[in-house]
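Here's the structure, in C-alpha cells; my notes come after.
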RNA sequence: GCCCCCAUCGUCCAGCGGCCUAGGACUCCGCCCUUUCAAGGCGGCAACGGGGAUUCGAAUUCCCCUGGGGGCACCA
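In the working numbering, the protein residues as written are 4 to 496.
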C-alpha cells in the first residue's frame, strides 16, 4: 500500500499526518489544537500535513462549516501540504466524493466474510442493548439476529435494504501502543459489530476514515481521546483490508473552567470567535500548543519555529487540560506588545474605523501610528484599541465618574484654564514642549502632578484613564487640545 | 451497567527513585516605579487526592479506593 514515494532516502517511512474535521460544526478550540499538533509534528519531522474533509454525514454537513474550518485554519497559519483546495496525489480529499471507493472496500469485506449484511431492526437492537446492559454486560451487538450468508444474499438480491456490519472476531482483543497513552488493550466483547455501510449505501465514519487513512498512506493518526475506544475498530478494519496499522496518538480533550467538557456555556468555543474578540493568531497558537505540551524548560512564550523544532509527541501530557482564557489573554497582550507599530496599526485600523463609522484620512492615520506604541502597551485585545484612541478622532463624552472624581477638586479649574492659556502659545508643538510647558505650570500654580494633570486628561479625553497625557495632547494637536480645555473650563464654571 | 483513559499550586506545565525545605508561567495579594491606566521590577499566598506495598530512600514504581474524563449510534 505504501508507495516508494513515501520513503525517504534513508529508508525511513516519511511522516504523513492528517487533520480531518467534519463540517458539522465550526472549528472549535479543541479541533484547533488537534490540527496544530498534527501540523507541528509534520513540520518537525519533514512530513506531510494533509487536510481532509470527513463529510460522510451529508445531512449535518454544511458549506458554512466547510468555509469556517478552512478560514480558521488559515487564520491560525496552519498551512497544509495536501488536501482540500490544494490538491495532491489523491483525486479528492472529500469523503463525500469517494463513495464508490468505500463501497468497493465494503463489497470486498463482505466477499471475504469479514463483514455481513445486517437486517436487524432498530427496535431489536435497542432491546438487545438494554437487556445486555441490564445483565451487566457490554452492549455489543454480535450479529445474533442475522440470517445466514446465503439467505442474506438472497434478500439483498430481492432488493431488500440492509446495513453492512463488520464482523468483529470474538473471542479476541486488540492491543496497540499509543504514543501518549502507551499500551492500550480492548477486549472484543467490548467492541460492537459496528455498521460500516448505512442502508442508504453511504459509509460510516469508521469505515471512511479508516479507508482514507490507508489509501492516503497516513503514518500517524493524531486525534482526540474521544476516539480512543474506537481505535480497535479502526485497527481491525485496517488489517481486514490487508494494510498496516498506523501509529496512534490520542490527545486528551479540552475542558471548560468547571472541569466539564468544553462547551458553549463556557464561552466561545469557535476558533474564529477568538479572532473576532481581538486575539492574535500567534498568541492563540502559542497558548494552544502549551495546553498539553511544554518545551521542557521554563519558556512559555515561544515562536512557531521553536515549537516546530522542539515539539515532541511523546512528551504530550495525558491529562485533560482546562481551556482558561485568563492566560490566553495575558499571552495575547505579550504578542500585541511584540508587534511592530506598523503591524499593529494595520490590525487595528479597521476596528477603529468600524468604531468611528467612517474611514481615517492620512493625517489621522499618522496620528494613530504616533500613539500606537502607547496603545499596544495597554491592550490585551485588539478590540480594546478603538476605545483608547476614540478621543483623537471623534467628539468626546465626559465619563461622569471621571469628571466628578477630578474636576471638582481644588486646583482643577486653575489647571485647565492655565493649560489652555499656556498650550495656546507653545512655540513648537512637540511632546517635549508640551511636557515642559505643563510642568512649569505645575510649579507656578503649586499643584502636584496628580492634581494638575488629571483634570487635563479628563478635559481632553473625557476619562481619567487614557494613554499618557503629554503624548495624547501632542497627538490631539494644539487647536483641538485648547478647544477641549476651554469647553471643560466653561462646563466647570 | 460495562470498557478504556487520567490524577503535582485555583489554572497550564516542569519533575521520570536521592539534586524537592517540589520549580516556572497565568491569576490573586503586597511593595517599588509613576500624570491615569498599563507595562516593568521585587516579594508573597498556593499543590504531590486517600490507603497500602516495593525500596536504605518515593511526587516519581506496583496495587486498591476515591475523584474526573471518554466510549458503548445507520454522529463524527
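Glycine included, every Cβ here is placed at the ideal spot set by N, Cα and C.
Item, Value
"Nearest to residue 408 by alpha carbon, out of 454, 400, 335?", "454"
"Output the distance between the C-alpha atoms of residue 92 and residue 48, rounded to the nearest integer angstrom.", "20 Å"
"So residue 355 packs on residue 363, CB below 8 Å; how close in whole Å?", "7 Å"
"Are residue 437 and residue 446 closer than 9 Å when you measure CB to CB?", "no"
"Report buried or exposed for residue 148, applying the criterion of at least 16 other Cβ atoms within 10 angstroms of its Cβ.", "exposed"
"Let's see if you can read the secondary structure: which residues bound the beta strand (DSSP E) around residue 22?", "19–22"
"Let me make sure I understand the geometry here. Which of 491, 204, 174, 394 has the alpha-carbon closest to that of residue 163?", "204"
"Please report the distance separating the alpha-carbon of residue 381 from that of residue 472.", "14 Å"
"If you draw a straight line from the alpha carbon of residue 495 to that of residue 259, how long is it in whole angstroms?", "50 Å"
"Output the distance between the C-alpha atoms of residue 145 and residue 292, rounded to the nearest integer angstrom.", "41 Å"
"Exposed or buried, which one is residue 482 when buried takes at least 16 other CB atoms within 10 Å?", "exposed"
"Based on Cα-Cα distance, which residue from 69, 442, 168, 393 lies nearest to residue 121?", "168"
"Tell me whether residue 18 is buried or exposed, calling it buried when 16 or more other Cβ atoms sit within 10 Å of its Cβ.", "buried"
"Leaving aside the five residues before and after residue 5 along the sequence, list all residues of the same chain whose C-beta is less than 6 Å from its C-beta, in chain order.", "Because the pLDDT of residue 5 is 38, which lies under 50, any placement of that residue in the model is unreliable, and the number read from its coordinates should be weighed accordingly. For residue 5, where only same-chain residues beyond five positions count, the Cβ hits under 6 Å are 220."
"Between the region 44–61 and the region 191–208, do three or more beta carbon pairs fall short of 8 Å?", "yes"
"For residue 267, count neighbouring C-beta atoms within 10 Å of its own C-beta (all shown protein chains included) and say buried if the count is 16 or more, exposed if not.", "exposed"
"For residue 310, does the three-state DSSP call read helix, strand or coil?", "helix"
"Can you confirm whether the region 317–327 touches the region 335–354 when touching is taken to mean that 3 or more C-beta pairs between the two stretches lie within less than 8 Å?", "no"
"Note down the Cα distance separating residue 448 from residue 422, rounded to an integer number of angstroms.", "11 Å"
"Evaluate residue 127 with the Cβ neighbour count: other Cβ atoms within 10 Å of its Cβ, from every protein chain shown; 16 or more gives buried, anything less gives exposed.", "exposed"
"Among 333, 415, 403, 366, which residue has its Cα nearest to the Cα of residue 383?", "333"
"Since residue 326 and residue 385 should fall inside the 8 Å C-beta cutoff, what is the C-beta to C-beta distance between them, to a whole number of angstroms?", "Actually they are not in contact, since the Cβ atoms of residue 326 and residue 385 sit about 20 Å apart, beyond 8 Å."
"Would you tell me roughly how many angstroms separate the C-alpha atoms of residue 441 and residue 465, rounded to the nearest one?", "19 Å"
"If you compare alpha carbons, which of 179, 420, 411 is closest to residue 488?", "420"
"Going by DSSP, what residue range makes up the beta strand (DSSP E) through residue 498?", "This structure cannot speak to residue 498, because the chain is shown only from 4 to 496."
"Whole angstroms are fine: how far does the CA of residue 388 sit from the CA of residue 1?", "Absent from the model: residue 1. The displayed extent of the chain is 4 to 496, so no value can be given."
"Helix, strand or coil for residue 190 per DSSP?", "strand"
"Spatial neighbours of residue 376 within its chain, please: C-beta separation below 7 Å, excluding the five flanking residues on both sides.", "344"
"Under 9 Å, do residue 491 and residue 458 count as touching if we go by C-beta distance?", "yes"
"Hey, how far is the Cα of residue 26 from the Cα of residue 463?", "50 Å"
"Count the other CB atoms within 10 Å of the CB of residue 136; is the residue buried (16 or more) or exposed (fewer)?", "exposed"
"Please name the residue in 417, 245, 37 whose C-alpha comes closest to that of residue 72.", "37"
"Going straight from the alpha carbon of residue 102 to that of residue 397, what length do you get?", "59 Å"
"Among residues of its own chain, excluding the 5 on either side of residue 337, which ones have a beta-carbon nearer than 6 Å to its beta-carbon?", "304"
"So, using beta-carbon positions, are residue 131 and residue 171 closer together than 9 Å?", "no"
"DSSP three-state call for residue 450: helix, strand or coil?", "coil"
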